[in-house]
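Asks: Would you mind keeping the following structure in view while I ask a few things?
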Amino acid sequence: MLLLAAWLRLAELRRFPPALHYDEAADMLLGRDIAFYGYQPFPVVEAYSGREALFYYLSVPLLRIFGTDIFATRLTSALLGILTVAVTLALGRAMFAEHRRGAWIALCAGGWLAVNGAQVWLTRQGFRTSPQPLLEALALWCLFIALRRHKHWQLSAALGGFFGGAALYTYMAARIFPLWLSVPLLGLILIDSRRALRLRQSALFLATLMSTALPLIAFYLSKPDVFLDRLTQVAAADSKAPTLIESVWLHAEMFFLRGDPLLRYNLYPGRPWFDPISGALMLIGFGAALAIFSQRRNAPLTRFAALCVLLSPLLIAPSVVAVSGLPPSHMRSVAMVPLIFFAPALGVSALSDRLPLARYATVALVPMLALHTWHDYRAWATRADLFYEAHGDMQLIGTWLEAHLQPDQTAYIASAFYNHATVLAHKLDHSRVRWLMAEHLILAPPGERAIYIFPRTLHSPFSAFLAADSAFEPLDTPHGPDGAPAFSAYRYRASERPAPRPSTAFGGLLGGASALEPYHGRGGERVQAFLAWDVLSAPVPPNWTPVIVLHDPFGEEVARFHPYLEQSDRLRAGERLIIALDVPLPLGAPLGEYTLRTIWIDRSSGAPLPLLDAAKRFSGLSALAERIEVQPSAPREAPPQGVAVLPMLYAALSAPPQPTEQGDWLRFTVTWQATEAPSAQPDLILSAQPADGAPIHLWQGQPVRGRYPFAQWRAAEYLVERYAVRLPADLPAGDYTLRLSLAEQMVFEVPWRVIGVERRYTAPDLPPCDFRFGAQIALIGCEIVQEGAQVRLRLAWRALSAPEADFTVTVQALNADGTLFSQHDAPPAARPTTRWLPDEVFESQFALQIPPDGTSRLIVALYTPSDGRRLPVTDAQGVPLGDAAPLTSE
C-alpha cells in the first residue's frame, strides 16, 4: 500500500501538476520567506485572507535543499500524504483491535486512501491543506492507544491532543475536528462501564488539544476579522448560490455520484470522491458500522471506532456551509480523511462474511483503482484548459521576463491580482514590475522603455488602443499547450507627451487628461469610456482610489462607480493612468449631455481629496472627466404599463414622491411608454390640492424639462423621467393630493405631505459684526473663545436675499506668515442655503486648533463645494475685502 501511495504521489512530480497556480505560489513564497529571510509568522499569516502557518514551517527543510522551487513544497505535500497512509494503517489496527478482521479493515482503509483520486490530487499540490489528514490520523491513533490502556495512558492521550490541536494550524476545514470528536467521545463515555477512566482520558486529550490551540484561539479572538474573512466569502449566500439544503444534497452526491465541479480542484469536473463500486461498499460499510455500534456484546472501543466511522461524513460541514464556494468542494471536505476510508473497508469486511471471494476481489480492485486514478490524473494534467486555469500563462510570463526584461525597462503586467504570486515566484527585480488590473493601463513616463504584458486569460479593453498606437511594438511570446500564444507582449518607448498643464489637480498630484470629443450612446446601452489622469508629482499616498459619478444633463446623480485601484503610491511622476469604465446607460434615460465626474478618496477613511488649482487653493472635490451624448433609447416593443393617459400614451409612477420640507426639492419618477408617435400635446401640469381651497400650481412644462417634447416622440417610445421641482418656501405645511395631468387627463394622483420648517428672524446674543458675502449672506455675529491651543467660534448668519447655491463655510487659522495652520469646513446650517428666505437667521459653531504661541489670525469664507469658488466679501461700508472675512486682526 505504501508503494502504491508513493508511486501515485511521486511519479513525474517535476512535470505534473502543470503550471503554478496563484495559491500554490503564495504558499511556496511564504515558506521561502521563513526559510531564507527570517520571516516568522505564527499562528496565522494575515495576508491572503488569513492562512494557518504550520505547512510553511514543514516545507522549510526541502526549500533549503531545492531553493525557491515549487517542487520543494509539492514534495513536502507528497511525503505528508504517504505518511498519512502509513498512519492510517496503524490507526485501523488500533481502532479495530478486537475485531476479527481488524488487520484487514486497516489494510483496506489504507489502500483506498492510497489510491483515492481526490487525495492523490491534493498531496501532489503544494497546498497548506496536506498536513491536516496526517495530524488528524495521528491524533486519533494516539487517542485509541490511550483508550486501550488502563495505566500509563497519559502520554498517549496528551500526544493525541497535541496532534489534534496542531491540525488546527493547517486549514480552516480543521476547525470542525475538535467539535466533531467530542460527540463520539461522549458516546464512548455513555456506553463504557469505566466512565471515570474514560472521562479522565477524554479530559486530558481535549485539554491538551485546547492548550495546543490556545495561541490560535487568542489570535482569532484579537483579530476576528481574519477569522471571519474567508468564511464570510464562501458562506455568504447570494442569488446564484445554492441554499443550505441544496448544498447538503450536493455533498451527499459528492461521495460517489457527482463531486467537485471545478476542474482546477478535481481530476475532471464532477468526478466523485469514490468510484461506484467503492461508493456501494461505503454504504454497506455504514450499515456495518451501525450494526457494530448497536450490538452491546461488542467491545466499547470497537463500538466507539464504528461510531467514529459512522459520523465521519459530518466532518464535511465546512464545505456544506460554504454555499458560495461552488459546492461540493473536495478540499473543504478534507477533515473526513482518513476516517471516511474505513467505511468501504468495513463494507468489504461485512461482505466477506457472506462472500469469501470479496477479499480476493478487493486485492484486485485496489491496484485497478490505482491505475484508474493515474490515468485520470495524467489526462487532467495534460489538458490545455487546465493549464490556463492553473495560471500557466502567468508562469510563462515570469519565465519569459527572466530572460527578456532589461535593466532599464519596467514591466507592466495585466493581472487579476496585484502582486500575482505566480510571477513573484520567479527571479525578477520586483521594483521594476508594475501591476495593472484588466481595466487599467499605466503609460510609462516620456522617454522611458517599458514592456506591457497581457495574459491570454485576462480580457483587456485596451487591445484596440495598443494596436493603433505605433509606440507599442508586438513581441514574440511562448505558446501554451494548445499551440496559441499564452500572452501578448509589447515593447513600448514613450514619445514626448506635451507637459500636462491641468488647471486643477487632486491633491496637486493627479491632473485630469480628458478627451476633447464626447462619447455617444443610447439609453439601455453600455458605453466604454476611457478616463485618464497625469501624475504631476510623486509620491501619491498609498490609499488613493477614484470614484466616478455619472450625472444627467440636469446635474442629478444617476450612478456611481468604484474602479478597483491599489498601489497608488507606486505611481511615478510622468506616468498616465487610464481606466476603462463600462458605463451602463439606464433604459429610458432622457437625452442630453451626461457627464462623468471624478472624486478621489482615501480608501481607508473614505474622505474626499481636495482639488487644488495652480496656486494650491481649494477648487472643489470633483472634476469633469468625460462627457457622454445620450440619445433616446431605441424603440421598445413591450406591453404598456401604467395608466392610459391618451390612447397611445401610458404613464406609471415608478418612484412616488416622499414627504417634502418647505423650499426643498420635490422628487418623483414617471415611466412613459408611447405605442404610437404622439402628436403635439399641451404642457404637463403639476399641482397640489389642499384639503380646502383651490389647487396650488407647482410646475408646468414638456418632458425632459422641455428638451424632448411630446411632438418629437416616436412610436414605441420609452422614457424614464426623474422630476425635480423646487417647492415654494412659503408653501403651507400640511397634507395634499399631488396631481400630474396632461390635457386634463390624470397621469397620477397621490397623497403627499409638506413638512413645515421653523424659521428664525432674530439675531442671537453674540458680539456684532457685519460682513457681506456676495450680497447674498451676511455674517452678523461672532463669538470667539480660546481654550488652550483651541478656539471655539459661534457665528450668526442672515440671508440678505435667497442664496443662489448651497454654500459651505470654511473657518481657517493662519500662521503669522499667512500660511494655513488649521481649518474647519462645514455647511453654515443644517438646512442648505438655497432654502433660506431673506432675513432668516442661522447659527453655526466651529472648533479650530491654533499655534501654541497664539500668533495666528482667523478668517472665514463661503464657497461652493463643487468648484471651490468663494463669494466676494465686503465690510459694512461696501469696501472689498477679497474672498475672506477677517475674524481677528494680525
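The numbering of the sequence shown is the UniProt record's numbering, which starts it at 1 and goes up by one. Ideal placement from N, C-alpha and C gives every residue a C-beta, glycine not left out.
1. Considering only their Cβ atoms, is the gap separating residue 871 from residue 809 smaller than 8 Å?
2. So, using beta-carbon positions, are residue 622 and residue 597 closer together than 8 Å?
3. What three-state label does DSSP hand residue 50 in the structure shown?
4. Secondary structure at residue 512, three-state DSSP: helix, strand or coil?
5. Assuming residue 891 and residue 716 make a contact with CB atoms under 8 Å, what is their CB distance in whole Å?
6. Note the first and the last residue of the continuous beta strand (DSSP E) segment covering residue 592.
7. Inspect the beta-carbon positions of residue 191 and residue 300 and report whether they are closer than 8 Å.
8. Can you check whether the CB of residue 504 is closer than 8 Å to the CB of residue 551?
9. Taking just the CA atoms, how far does residue 874 sit from residue 556?
10. Taking three-plus beta-carbon pairs below 8 Å as touching, is the region 340-350 in contact with the region 112-126?
11. Measure from the alpha carbon of residue 142 to the alpha carbon of each residue in 693, 205, 102, then state which is nearest.
12. If you measure between the beta carbons of residue 24 and residue 170, is that distance less than 8 Å?
13. Taking three-plus beta-carbon pairs below 8 Å as touching, is the region 445-463 in contact with the region 565-582?
14. DSSP puts residue 273 in a beta bridge; with which residues?
15. On the premise that residue 695 lies in contact with residue 702, defined as a C-beta separation below 8 Å, what is that separation, rounded to the nearest angstrom?
16. In terms of residue numbering, what span does the beta strand (DSSP E) encompassing residue 561 cover?
17. Give every residue of the same chain whose Cβ lies closer than 7 Å to the Cβ of residue 290, excluding the five residues on either side of it in the sequence, and list them in chain order.
18. Looking only at its own chain, which residues have a Cβ that is under 8 Å from the Cβ of residue 485, when we skip the five neighbours before and after it?
19. Is the region 604-615 touching the region 524-539 in the sense that three or more CB pairs, one from each, lie closer than 8 Å?
20. By DSSP, does residue 184 sit in helix, in strand, or in coil?
21. Please classify residue 872: does DSSP put it in a helix, a strand, or coil?
22. Excluding the 5 residues flanking residue 247 on each side, which residues of the same chain have their C-beta closer than 6 Å to its C-beta?
23. Tell me which residue opens and which closes the beta strand (DSSP E) that residue 848 is part of.
24. With DSSP collapsed to three states, give me the class of residue 530.
25. What residues match up with residue 545 in a beta bridge as DSSP calls it?
26. Give me the residue from 17, 475, 512 with the minimum Cα distance to residue 266.
27. Using the three-state DSSP reduction, which class does residue 741 fall into: helix, strand or coil?
28. If residue 120 and residue 382 are in contact, beta carbons under 8 Å, what's the gap, nearest whole angstrom?
29. I need the boundaries of the beta strand (DSSP E) containing residue 809, first residue and last residue.
30. How should residue 891 be labelled, buried or exposed, when 16 other C-beta atoms within 10 angstroms of its C-beta is the threshold for buried?
31. Count the other C-beta atoms from every protein chain shown that fall within 10 angstroms of the C-beta of residue 95, then say buried if there are 16 or more, exposed otherwise.
32. Does the distance from the C-beta atom of residue 830 to that of residue 860 stay below 8 Å?
33. Measure the C-alpha to C-alpha separation of residue 749 and residue 500 and round it to an integer number of angstroms.
34. In terms of alpha-carbon separation, which member of 26, 9, 305, 186 lies closest to residue 92?
35. Which whole-angstrom value describes the C-beta separation of residue 451 and residue 405, a residue pair presumed to lie in contact below a C-beta threshold of 8 Å?
36. On the criterion of 16 or more Cβ atoms from any shown chain inside 10 Å, does residue 734 qualify as buried, or is it exposed?
Replies: From the atom records:
1. Taking 8 Å as the cut-off, the Cβ atoms of residue 809 and residue 871 do not count as close.
2. yes
3. coil
4. strand
5. Residue 891 is absent from the structure shown; the chain starts at 1 and stops at 890.
6. 592-602
7. yes
8. no
9. If you draw a straight line from the Cα of residue 556 to the Cα of residue 874, it is about 33 Å long.
10. yes
11. 205
12. no
13. yes
14. According to DSSP, which records beta bridges pairwise, residue 273 is partnered with nothing at all.
15. Contact check for residue 702 and residue 695: beta-carbon distance about 20 Å, past the 8 Å limit, so the pair fails to qualify.
16. 557-561
17. 310
18. Result list for residue 485: 456, 477, 478, 479, in chain order.
19. no
20. helix
21. In the displayed model, residue 872 falls within coil according to three-state DSSP, outside both helix and strand.
22. 320, 323, 327
23. 841-849
24. Strand, per DSSP.
25. 601
26. The shortest C-alpha separation from residue 266 is found at 17.
27. strand
28. About 16 Å separates the two Cβ atoms, so there is no contact after all.
29. If you look at residue 809, you'll find it in the beta strand (DSSP E) that goes 808-814.
30. Since the displayed the chain opens at 1 and closes at 890, residue 891 lies outside it and no answer follows.
31. Per the 10 Å Cβ criterion, buried.
32. no
33. 55 Å
34. 305
35. 6 Å
36. Counting the other Cβ atoms within 10 Å of the Cβ of residue 734 gives fewer than 16, which makes it exposed.
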